[in-house]
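Working notes, beginning with the structure itself.
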Amino acid sequence: MRLPRKAILIRLCIYVPLLTYLSWRAFDHWWAQHHPPPDDGSELDRKLAPHKRMIVLPDGTQQEIVELTPEQAEAILGPLPRLDEPEPPAAAKVPVPLTTEPH
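Under my numbering, residues 3 to 105 are what the sequence shown spells out, in order.
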């Protein structure tokens, strides 16, 4: 197979990477506009700030905790799943013995 002329190969080596780079930058710009980064939770932090406090653990390190009553948690976070309600037990399947002998 015969190769194309040298001038065409040089142009391909220049323009293909250039167009690829420019297309990638245009797509990246479009993606940033249509998919904004996730919110850092500043609104949630503002709501939880009055309920935060620091505790000292037995090893001397400090840990920030949030103390909420169930009513406060529902008011701030929305409806919570109920953990005290037992799940209905799944129906037990009785295995059927396979017999090869006719009755």
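Virtual Cβ for every residue (Gly too), placed ideally from N, Cα, C.
Cβ of residue i within 8 angstroms of Cβ of residue j?
i     : j     : result
ARG55 : ILE67 : yes
GLU76 : LEU82 : yes
ILE78 : LEU50 : yes
Does the ligand MG have a heavy atom nearer than 7 angstroms to the CB of residue i?
i     : result
ASP86 : Although the ligand MG was asked about, the structure shown includes no ligands whatsoever.
From residue i to residue j, what does the alpha carbon distance come to, in whole angstroms?
i     : j     : result
ILE57 : SER25 : 52 angstroms
GLU45 : THR63 : 27 angstroms
GLU39 : TRP33 : The residue you asked about is not Glu; residue 39 is Pro in the sequence shown. One C-alpha to the other measures close to 10 angstroms.
ARG7  : LEU14 : 11 angstroms
Reducing DSSP to helix, strand and coil, say where residue i ends up.
i     : result
ARG13 : helix
LYS54 : strand
GLU45 : helix
GLU76 : helix
VAL68 : strand
LYS95 : coil
PRO6  : coil
ARG84 : coil
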